[in-house]
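Shown next, in structure tokens, is the structure this report addresses.
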Amino acid sequence: MAKASISPEKIATVVFDDGVTFSFPTGIDPKAPSTTENWHYYEVNRKMPTVIASNSQWAPARVMAKYRFELQDVWMALRDYPALEYTNSGKADDMGDPVKTGDVTQVDLFGPVVHIVDDAKMVLINKTLPSHTLHEGFVARHIYAVSPHVIQLNSVGFGVGAYARINEFGSQPVWGNVSTNTIRTIASRYYKQRTGQDSLVLPKNPAFGSIPEIYDGQR
Numbered sequence: 002m003a004k005a006s007i008s009p010e011k012i013a014t015v016v017f018d019d020g021v022t023f024s025f026p027t028g029i030d031p032k033a034p035s036t037t038e039n040w041h042y043y044e045v046n047r048k049m050p051t052v053i054a055s056n057s058q059w060a061p062a063r064v065m066a067k068y069r070f071e072l073q074d075v076w077m078a079l080r081d082y083p084a085l086e087y088t089n090s091g092k093a094d095d096m097g098d099p100v101k102t103g104d105v106t107q108v109d110l111f112g113p114v115v116h117i118v119d120d121a122k123m124v125l126i127n128k129t130l131p132s133h134t135l136h137e138g139f140v141a142r143h144i145y146a147v148s149p150h151v152i153q154l155n156s157v158g159f160g161v162g163a164y165a166r167i168n169e170f171g172s173q174p175v176w177g178n179v180s181t182n183t184i185r186t187i188a189s190r191y192y193k194q195r196t197g198q199d200s201l202v203l204p205k206n207p208a209f210g211s212i213p214e215i216y217d218g219q220r
């Protein structure tokens, strides 16, 4: 399990599931978890899904197609979609504007977040700015390869902003479902751009059987 701690100097240190450690400054008192009722903490760890499935209440999931991507493609996709952005965010396309340290993303309905990006560790931090509804809050995100065919996205959120319980309850659908699936789609497009190969593979494609059936746990 990942874990986060805050030092007396208000420096947060996150240890992700694969052992990668990342530290960054916050404005949070280290006593907050025991003294602040708005303190919230959650962790979401999901495999990057390769399968598009058809679900219904009458039949089990039916595989329709599989995505192809690699670790570097997922990292670029995470930088393109670092926080939850909606279709009315003013962006013409989710792909093609990866964030770097110091960039600000406007999260619709909530407000702006500023990013810290570490390419070497493949760690991305979302820090709320004062006008964000949930300030002061942080989400630390990290991708890593579990095996040659399985990529995990580990997201750790914490803070002392408003709506603490809503933050925790909403973490799985937000960071585990909507964000993960969007990043998966963008990653497949980066794969196609980088390799020139099809990134969406149908059953009739000979490569279909070589792509493992990886789900995100939400079949």
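Numbering (the working numbering), first residue to last: 2 to 220. Glycine residues also receive a C-beta, built at the ideal position from the N, C-alpha and C atoms. All values reported here derive from a predicted model rather than from experimental measurement.
- Taking a contact to require three or more Cβ pairs closer than 8 Å, the region 16-35 and the region 166-185 do not qualify as touching.
- Counted as a single uninterrupted DSSP element, the alpha helix (DSSP H) harbouring G171 occupies residues A165 to S172.
- Per DSSP, P34 is not a residue of any beta strand (DSSP E); the alpha helix (DSSP H) it occupies stretches across A33 to T36.
- Following the DSSP letters along the chain, one finds R142 inside the beta strand (DSSP E) bounded by residues G138 to S148.
- Using a C-beta cut-off of 8 Å, the region 135-142 makes contact with the region 153-163, since at least three inter-stretch Cβ pairs fall below that distance.
- Across the structure, R80 and D98 are spaced so that their CA atoms are roughly 8 Å apart.
- Between I12 and S24, the C-beta gap is smaller than 8 Å, which places the two residues in contact.
- Contiguous alpha helix (DSSP H) elements confined to the region 77-121 do not occur, taking only those with 4 or more residues.
- Secondary structure at V16: strand, using DSSP grouped into helix, strand and coil.
- F70 carries a coil assignment under DSSP once its states are collapsed to helix, strand and coil.
- Taking C-alpha positions only, S211 is separated from P149 by approximately 12 Å.
- If you look at Q194, you'll find it isn't in any beta strand (DSSP E); it sits in the alpha helix (DSSP H) that goes S180 to T196.
- Burial check for M65: the Cβ neighbour count within 10 Å stays below 16, so the residue is exposed.
- When Cβ pairs closer than 8 Å are counted between the two stretches, the region 14-29 is seen to touch the region 122-131, the count reaching three or more.
- Here A208 carries a helix assignment [DSSP, helix/strand/coil].
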